[in-house]
Amino acid sequence: MKKLSLLIVLLCSFSTAFAQTDFLDYVILKKDTIYGTIREIGPSDFALVLPPPVQEVKKTPFVSLRGASEIRRNDKVYTYSASKDPIYASAKLPKGMVELKFGRFTALEPQLPDYILQKDTDTIFQKVKIGHNKINGVAIDQNILSYRSNNQTYVRSSGTNEFLQLLIDGNARLMFKRKEQSPYKQIYLDRYRSNDIVYLVEIDGKATEIAAENFPDAAIQAFSDNSALVELIQNRAFAFENMYLITKFYNQTK
């Protein structure tokens, strides 16, 4: 009990650097909420990594997700699912909802309508089907600005002119793609290891590619005008897997 109390105190003191815990993930274990950042500690093995002050007094600097009843990752709240049959579990979804999966955890969010946004027309709401360099059988051209399919929004990157999945929009825009993918192939972030992903950060028209190989240097360069964020990255408060939280911090503190 004393160890848990010390952990909570240290987490609270660390979170003051963030002003609030909105910039952290969490896990709920036995009704205790523990804040940190969820990272990949092995192939397809994720854990909640504790903040640097806590790591100094804890022999194990992370908390396993096993046994957690609920987690929050990148602002999405997932609950533990005991079902081993995803088809059966999906059959019980409420109408108008879609299921997100992260390991043995699931989350529900409203089903959003597909759309295509073009330069010279209003937004067209219709089912969107993606083929190689085509949307609904029509070749993709410069007139298309963005589209949404299966609850995922894709925007044209000014840095690469590819359509990439949009994760955050704001002063900094965060997108990602799988390495060496076809520009128009749909992908899902939690189905790939960190080494398979490239993030693209756009700030004031300047695009920076950030991969596991060039993190944290590329991230520090991209967010260099936010000294508080740079310090957190340098102190390993965030890792490559936390690019969503990094970009969120930048947008809300810039």
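In this text, residue positions in the sequence shown follow the numbering used here: the first is 4, and each later residue adds one. All C-beta atoms, glycine included, are put in the ideal place defined by N, C-alpha and C. Keep in mind the model is a prediction, meaning the values are calculated, not measured.
#1: In the structure shown, what three-state DSSP assignment does residue 71 receive?
#2: By the 10 Å Cβ neighbour count, where 16 or more other Cβ atoms means buried, how is residue 148 classified, buried or exposed?
#3: Of all Cβ atoms in chain B, is any one closer than 7 Å to the Cβ of residue 48?
#4: Rank 232, 177, 215 by C-alpha distance to the C-alpha of residue 247 and give the top, closest one.
#5: Are the CB atoms of residue 39 and residue 51 nearer to each other than 7 Å?
#6: Taking Cβ to Cβ, would you say residue 203 is nearer than 7 Å to residue 154?
#7: If I follow the unbroken beta strand (DSSP E) through residue 180, where does it start and stop?
#8: Do residue 216 and the ligand ZN come close, with the Cβ less than 6 Å from some heavy atom?
#9: Identify whether residue 55 lies in helix, strand or coil by the three-state DSSP scheme.
#10: Does DSSP put residue 121 in a helix, a strand or coil?
#11: Hey, how far is the Cα of residue 121 from the Cα of residue 142?
On the basis of the data shown:
#1: coil
#2: exposed
#3: Here there is only one protein chain, and chain B is not present.
#4: 177
#5: yes
#6: no
#7: 175-181
#8: For the ligand ZN, the structure offers nothing, since it holds no ligand at all.
#9: helix
#10: strand
#11: 13 Å
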